[in-house]
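**Student:** Numbering (my numbering), first residue to last: 8 to 229.
#1: Is it right to say residue 157 is buried, meaning 16 or more other beta carbons lie within 10 angstroms of its own, or is it exposed?
#2: Of the residues 195, 88, 197, 166, which one's Cα is nearest the Cα of residue 18?
#3: Please list the terminal residues of the continuous alpha helix (DSSP H) segment that includes residue 71.
#4: Strictly under 8 Å for the Cβ-Cβ distance: is residue 198 near chain B by that measure?
#5: Please check the pair residue 147 and residue 222, which I expect to be a contact at CB under 8 Å, by giving their CB distance rounded to whole angstroms.
#6: Using only the alpha-carbon positions, how far apart do residue 171 and residue 154 sit?
#7: Starting from residue 134 and walking both ways along the alpha helix (DSSP H), at which residues does that stretch end?
#8: Taking residue 128 as the reference, which of 101, 29, 144 has the closest Cα?
#9: For residue 73, tell me which candidate among 52, 95, 118, 88 has the shortest Cα-Cα distance.
#10: With DSSP run on the structure shown, which of helix, strand or coil describes residue 177?
#11: Going by beta-carbon coordinates alone, are residue 168 and residue 20 separated by less than 8 Å?
#12: Tell me where the alpha helix (DSSP H) around residue 119 begins and ends.
#13: Which same chain residues, not among the five before or five after residue 195, have their C-beta less than 7 Å away from its C-beta?
#14: For residue 92, collect the residues of the same chain with a Cβ closer than 7 Å to its Cβ; drop the 5 residues on either side in sequence, then sort them by chain order.
#15: Given 8 Å as the limit, is there contact between the segment 111 to 123 and the segment 24 to 33, that is, 3 or more CB pairs closer than that?
#16: If you compare alpha carbons, which of 186, 200, 66 is closest to residue 50?
#17: Just to confirm before moving on: does the CB-CB distance between residue 176 and residue 134 stay below 8 Å?
#18: If the criterion is Cβ atoms closer than 8 Å, does the pair residue 60 and residue 88 meet it?
#19: So for residue 213, helix, strand or coil by DSSP?
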């Protein structure tokens, strides 16, 4: 029988425990990788912008059509906005997202000849791009490690006792200090995989979790 989920830990776990949990999770998900479908840096950037407030599955269902019609920044910048809205509507918030990705494409054409910049400073100046999106692109495309603090990483970082911070930027800083000199992009994706497959937001499957005995928030089996 499973008891209720413990309240979130009021203190962080030790560095040793945190590293042991991440080592176990990396062995659990050795093939953890970005689940957005793309062929170019531009397509990953646009897909990541679209992934806000929705799932990668939902994004992948629309980007096949979107990228077939508008495969690069030049094509998307010149697209009819209503057509873009119609394609991406299933991802939610489609009016704002359509405006963002088209404006982003226009910036790429005007400032980078259609290419995608390689620094967080440049990326976060693009329409619709925050630190999370920038770190996804930098890590996946350019091999520049960075923490992708999405809803899964934010939830698991607190639940596992890695940090008590609530703000994504502060969480990112805490995780950088906790796991120095490591592939933060790979660790991010590992946590995201775990959040999607076992450590769900409402009903985590703690009885299936390989780190349940180390996790300060786990269900306890009687």
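Beta carbons: idealized from backbone N, C-alpha and C, even for Gly.
Predicted model, so just to flag it, every value in this text is computed and none were measured.
**Tutor:** The structure says:
#1: Working through the chain shown from its first residue, we reach residue 157 at position 150. Buried.
#2: Translated into the one-based positions of the chain shown, residue 18 becomes position 11. In this structure, 166 is the residue among 195, 88, 197, 166 with its C-alpha nearest to the C-alpha of residue 18.
#3: Here residue 71 refers to the residue found at position 64 when the chain shown is read from its first residue. From DSSP, the alpha helix (DSSP H) with residue 71 extends over 63 to 76.
#4: Looking for chain B here will not work: only one protein chain is present.
#5: In the chain shown, the residue the question calls residue 147 occupies position 140. In the chain shown, the residue the question calls residue 222 occupies position 215. Contact between residue 147 and residue 222 is ruled out by a C-beta separation of about 28 Å, above the 8 Å threshold.
#6: Numbered from 1 along the chain shown, position 164 holds the residue referred to as residue 171. Numbered from 1 along the chain shown, position 147 holds the residue referred to as residue 154. Straight-line Cα distance between these residues: approximately 16 Å.
#7: Position 127 of the chain shown holds residue 134. Unbroken run through residue 134: none, as it is neither H nor E.
#8: Working through the chain shown from its first residue, we reach residue 128 at position 121. When each option's Cα is compared against that of residue 128, the closest is 144.
#9: Residue 73 sits at position 66 when you count from the first residue of the chain shown. Closest by alpha carbon: 95.
#10: As a working note, residue 177 is residue 170 in the chain shown. Residue state, collapsed to three classes: helix.
#11: For the purposes of this step, residue 168 is taken as residue 161 along the chain shown, with counting starting at 1. For the purposes of this step, residue 20 is taken as residue 13 along the chain shown, with counting starting at 1. Going by C-beta atoms, residue 168 is nearer than 8 Å to residue 20.
#12: Mapped onto the chain shown, residue 119 falls at position 112. That run of the alpha helix (DSSP H) goes 101 to 119.
#13: To locate residue 195, count along the chain shown from 1; it is residue 188. These residues qualify, in order along the chain: 154, 155, 160.
#14: Working through the chain shown from its first residue, we reach residue 92 at position 85. Same-chain partners within the cutoff: 101, 102, 105.
#15: Touching, no, given that fewer than three Cβ pairs across the two stretches are closer than 8 Å.
#16: For the purposes of this step, residue 50 is identified with residue 43 of the chain shown, where counting begins at 1. Among 186, 200, 66, the Cα nearest to that of residue 50 belongs to 66.
#17: Indexing the chain shown from 1 puts residue 176 at position 169. Indexing the chain shown from 1 puts residue 134 at position 127. Against a cut-off of 8 Å, the Cβ pair of residue 134 and residue 176 comes out as no contact.
#18: Here residue 60 refers to the residue found at position 53 when the chain shown is read from its first residue. Here residue 88 refers to the residue found at position 81 when the chain shown is read from its first residue. Result no, Cβ atoms of residue 60 and residue 88 do not sit closer than 8 Å.
#19: Here residue 213 corresponds to residue number 206 of the chain shown, with the count starting at 1. In the three-state DSSP reduction, residue 213 falls in the helix class (H, G or I).
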